[in-house]
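The structure appears right after this line, and notes come after that.
Number of protein chains: 2
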Amino acid sequence: MVRHVSCRPSPAVRRGSCECEPRELRRCVGGAAMVHGWSCKPPVKRRRDAASPAAGAAIRTRVTRENTRSIDNSSAAAPALGFTGTEDREAPRRLVPGSPKSRSPSSGLVGMAAESESCNCDGWAARDPSGVLSPYRFSRRTVQHTDVSLRITHCGVCYADVVWTRNKHNDSVYPLVPGHEIAGVVTEVGSDVDGFKVGDHVAVGTYVNSCRDCENCNSFLENHCSKFVFTFNGVDSDGTVTKGGYSSHIVVHERYCHKIPDGYPLEKAAPLVCAGITVYTPMMRHNMNQPGKSLGVVGLGGLGHMAVKFGKAFGLKVTVFSTSESKRDEAISLLGADNFVISSDEKQMESLKNSMHFIVDTASGNHPFDPYLALLKVGGVMVLVGFPGEIRVQPATLNLGARSLSGSVTGGTKDTQEMINFCAANKIYPDIELIKMDYINEALERLVNRDVRYRFVIDIESSFR
Amino acid sequence: MVRHVSCRPSPAVRRGSCECEPRELRRCVGGAAMVHGWSCKPPVKRRRDAASPAAGAAIRTRVTRENTRSIDNSSAAAPALGFTGTEDREAPRRLVPGSPKSRSPSSGLVGMAAESESCNCDGWAARDPSGVLSPYRFSRRTVQHTDVSLRITHCGVCYADVVWTRNKHNDSVYPLVPGHEIAGVVTEVGSDVDGFKVGDHVAVGTYVNSCRDCENCNSFLENHCSKFVFTFNGVDSDGTVTKGGYSSHIVVHERYCHKIPDGYPLEKAAPLVCAGITVYTPMMRHNMNQPGKSLGVVGLGGLGHMAVKFGKAFGLKVTVFSTSESKRDEAISLLGADNFVISSDEKQMESLKNSMHFIVDTASGNHPFDPYLALLKVGGVMVLVGFPGEIRVQPATLNLGARSLSGSVTGGTKDTQEMINFCAANKIYPDIELIKMDYINEALERLVNRDVRYRFVIDIESSFR
Chain A
1 MVRHVSCRPS PAVRRGSCEC EPRELRRCVG GAAMVHGWSC KPPVKRRRDA
51 ASPAAGAAIR TRVTRENTRS IDNSSAAAPA LGFTGTEDRE APRRLVPGSP
101 KSRSPSSGLV GMAAESESCN CDGWAARDPS GVLSPYRFSR RTVQHTDVSL
151 RITHCGVCYA DVVWTRNKHN DSVYPLVPGH EIAGVVTEVG SDVDGFKVGD
201 HVAVGTYVNS CRDCENCNSF LENHCSKFVF TFNGVDSDGT VTKGGYSSHI
251 VVHERYCHKI PDGYPLEKAA PLVCAGITVY TPMMRHNMNQ PGKSLGVVGL
301 GGLGHMAVKF GKAFGLKVTV FSTSESKRDE AISLLGADNF VISSDEKQME
351 SLKNSMHFIV DTASGNHPFD PYLALLKVGG VMVLVGFPGE IRVQPATLNL
401 GARSLSGSVT GGTKDTQEMI NFCAANKIYP DIELIKMDYI NEALERLVNR
451 DVRYRFVIDI ESSFR
Chain B
466 MVRHVSCRPS PAVRRGSCEC EPRELRRCVG GAAMVHGWSC KPPVKRRRDA
516 ASPAAGAAIR TRVTRENTRS IDNSSAAAPA LGFTGTEDRE APRRLVPGSP
566 KSRSPSSGLV GMAAESESCN CDGWAARDPS GVLSPYRFSR RTVQHTDVSL
616 RITHCGVCYA DVVWTRNKHN DSVYPLVPGH EIAGVVTEVG SDVDGFKVGD
666 HVAVGTYVNS CRDCENCNSF LENHCSKFVF TFNGVDSDGT VTKGGYSSHI
716 VVHERYCHKI PDGYPLEKAA PLVCAGITVY TPMMRHNMNQ PGKSLGVVGL
766 GGLGHMAVKF GKAFGLKVTV FSTSESKRDE AISLLGADNF VISSDEKQME
816 SLKNSMHFIV DTASGNHPFD PYLALLKVGG VMVLVGFPGE IRVQPATLNL
866 GARSLSGSVT GGTKDTQEMI NFCAANKIYP DIELIKMDYI NEALERLVNR
916 DVRYRFVIDI ESSFR
């Protein structure tokens, strides 16, 4: 059930809250399960099965069964949600501790009346550290001379969305619209934009701004610019808090927009700009594209399954390390891994010592590092792309094998475009579970429980129709 | 005073023990300070001042004052120790836990009588975990067809000598003759040796054997061969426990022998084959020889001062990080560093964040890693060459700067020869304090207290005359 239709919360959003303007807020009758009321006008009729948890499950199952390369994104199977006339409150002016920038008048958010009038974007937002998402309407800036505006068709669901909707880093600014794996279609370009035109298929990843003038920006390492602006919950140069891809459109400087080659499915393109680039960047940095060499991939989630795909495309011999036996068959038959090892199996781990050239560690849970590092050959490199707890390593594990433990986070704009092109040229597609927007709370819960193969992607296009 | 002369222990060896054959052992009168007795026959008369601690101190002071490039190695100032007719017991046949190889008859150590007869090498050994060294006579193998025998002229003093003489790793086999920075002159070569001839100046480093047939050996990474044999306290392929360079001669397979170019001082060559190669190898592996880039060197001891010298020779901008203000002047004026930072100075450390391309961390004491890693630019590499306690690092420190923490230990034979040649070509000389053998116990104690600039080198040639 979709609450915007019936004013009765579905289980998926039963803990949700609504940030409608107080003057518009009226409590709905939702029974004991409902925490907050909301106002949604005018409700749009829709098929009941499309928005119910059961429907979400059905979509997921179908997608999984049919394999991702045959996903049917037709709107008939997943009718859209309606958001019309609701104008939610913008974030407060003092946005992030230590970043007291006030908004520029040019942002069109001078007063509440103006805010209400300027709201032009539908989205879903978390309102507090419960992390529960619910509909939210807000304002995007108008297209500036170097901007590209895109109608978002799809948005991938990253663990970062859990981290910030639930305020795990104590820096979340609510209402918070997550999402940084954005794919869509260009609807408008600024006067100075020369790289894109209306109708282009494009993607926006984990950041939407940087200084464009520092050593890192000049090396196309914008992801390491000190003025890097995260696609959501970041403070942009005009002082506004950025809002992500769980929304109907986005406006970004063209530099942070990437072209999706013709024929590459938009729903598969979305995860490339976070999950994909996050593993591609360190793999290229550490020369993991050497056919015949060996690669270990720790963890088989959104990032891990992309590392396997890249590894195979590079001609590597790929071994997957997982805690879950249930992933063995898919790792081998679906993803093409050469070997699958349960990482708690000490005997197998022992037998693989000194055997790997590279390891990509995608695990974000706390885990030991010495057992994996010991698998590396002399001079081998293990790259950490997750954010587990403190790393503890015995010096001898590094020294005696001249091994390296490296880190990496997302990638620069040049590498991102290169990676998208590489995926298109080599027919590398993320495996996804396509969901509707109203399934997001369950999806995030499943993501926390590692119950996704291998990336949730929100069908924004049909959800916000 | 030297106990083999007078049967009265000098303060330097007053905690020492003697491993003479029990049948020969008779207790000497040494007063309360003497723990064990010994038998030394026939004692050789020598000048009292040569062996006394005071004499050792005088030699040290003189060398330090004169600077290492003007060291006078004349025997007049430091008369030799005599070891004639003393035949100490060889190490037990079961040598190292888990390595129960018995000696091969061909080693000439079949019986006790044979052992006594075959002892052909003078040295100093530790007899127990006190680590105190005292004179010891033992046997070296005769030269085989691929062997080189060298008269040792100098041996550097490495912290490894402290580690194993004091049984820090619980694997020391006593009597233990340390020393793996060996320089000397070839006295004999086997029939199949083609790389060396009698009279050549040569060096032997941290290992004296490996399988010569594995992936690592075939890549000249013999230091990572699983059958690598440490120059001392290692179990060689014939089952004997290796004995190091605190001795009058050594016999090694020619592969582990390195030519010292004409004119390069032997006493300066000795530290190259451990301290030198230990920092040179990772610097080359991680491409630190790029002029104009920046290098941090953590710790200014034997390894650290060589890292500074290599860094300057490579054209890097070198910053030394030390806990001791007392090293500032020398770091800048003697070693040529561009900058000197007290690592506990948080303000200075903060100002250097994201500024370095490379760091070589030579510190073996426990220390934090995040503050140093944070100094690296994007993609920067910090190489650990010491053996501190457990490494603890925040993942974000690695990830957000795409940084690497690497380890390294000594180097392969090809790199070692390359490094020696590089030093000769670029006039890179370790700074040393030349000592006599009888000063070794004080030297080790000073080494533990970091009171050496920057490497002790034992003048073996004149000590064992």
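Going line by line, the protein sequences match chains A and B. According to this note's numbering, the first sequence is numbered sequentially starting from 1. According to this note's numbering, the second sequence is numbered sequentially starting from 466. Where a beta carbon is used, it is the ideal one built from N, C-alpha and C, also for glycine. Owing to the predicted nature of the structure, the values given are computational and were not obtained by experimental measurement.
Local conformation of residue i per DSSP, three classes
i	result
B/Met753	coil
A/His145	coil
B/Ile797	helix
B/Lys792	helix
A/Pro271	helix
A/Lys168	coil
B/Leu899	strand
B/Lys692	coil
A/Thr281	helix
B/Cys584	coil
B/Gly720	This sequence places Arg at residue 720 of chain B; Gly is not what is there. DSSP places B/Arg720 in helix when its eight states are reduced to three.
A/Leu375	coil
A/Lys317	strand
A/Ile458	strand
B/Ala889	helix
B/Ser713	coil
A/Asp161	helix
A/Val448	helix
B/Gly664	coil
A/Tyr207	strand
A/Cys20	Below a pLDDT of 50, predicted positions are generally treated as unreliable, and A/Cys20, at 32, falls in that range; the measurement from the model is reported next regardless. A/Cys20: strand per DSSP, three-state reduction.
Contact list for residue i against chain B, beta-carbon separation under 7 Å
i	result
A/Asn408	In the sequence under discussion, the amino acid at residue 408 of chain A is Ser, which differs from the Asn named in the question. Per Cβ cutoff of 7 Å: Asn864 and Ala867.
A/Asn216	Val843
A/Leu221	Val843
A/His305	Result: empty, since nearest Cβ-Cβ is about 20 Å, beyond 7 Å.
Chain-ordered neighbours of residue i on chain A, where CB pairs are closer than 7 Å
i	result
B/Pro860	Leu384, Phe387, Pro388, Ile391 and Gly407
Residue i versus residue j - alpha carbon distance
i	j	result
A/Gly380	A/Ser139	48 Å
B/Val706	A/Gly292	40 Å
A/Arg62	A/Ile432	In this prediction, A/Arg62 has a pLDDT of 33, which is less than 50 and means its spatial position is unreliable; nothing more can be read from the coordinates.
A/Gly296	A/Met356	7 Å
B/Met753	B/Gly776	8 Å
B/Val717	A/Gln348	38 Å
A/Arg446	A/Val452	7 Å
B/Gly741	A/His258	48 Å
B/Ser789	B/Leu817	19 Å
A/Gly205	A/Arg255	11 Å
B/Pro594	B/Phe695	19 Å
Proximity of residue i and residue j at Cβ, strictly below 7 Å
i	j	result
A/Pro271	A/Val383	no
B/His770	B/Leu731	no
A/Tyr246	A/Gly302	no
B/His689	B/Ser656	no
B/Phe921	B/Ala908	yes
A/Gly268	A/Tyr429	The residue you asked about is not Gly; residue 268 of chain A is Lys in the sequence shown. Result yes, Cβ atoms of A/Lys268 and A/Tyr429 sit closer than 7 Å.
B/Val613	B/Val658	yes
B/Asp803	B/Lys782	yes
B/Leu615	B/Gly588	no
A/Val360	A/Val273	no
Residue environment, residue i, which counts as buried when at least 16 other CB atoms sit within 10 Å
i	result
B/Glu855	exposed
A/Lys427	exposed
A/Pro175	buried
B/Val663	exposed
A/Val208	buried
B/His634	exposed
Within chain B, partners of residue i - CB distance below 9 Å
i	result
A/Gly301	Chain B residues near A/Gly301: none, gap ~16 Å exceeds 9 Å.
Neighbouring residues, chain B, relative to residue i (Cβ below 8 Å)
i	result
A/His169	Within 8 Å Cβ-Cβ: nothing; A/His169 doesn't reach chain B, min ~10 Å.
Closer than 8 Å at the beta carbon, the chain A residues around residue i
i	result
B/Arg750	Gly379 and Ala402
Within-7 Å CB hit, residue i to chain E
i	result
B/His689	Looking for chain E here will not work: the only protein chains present are A and B.
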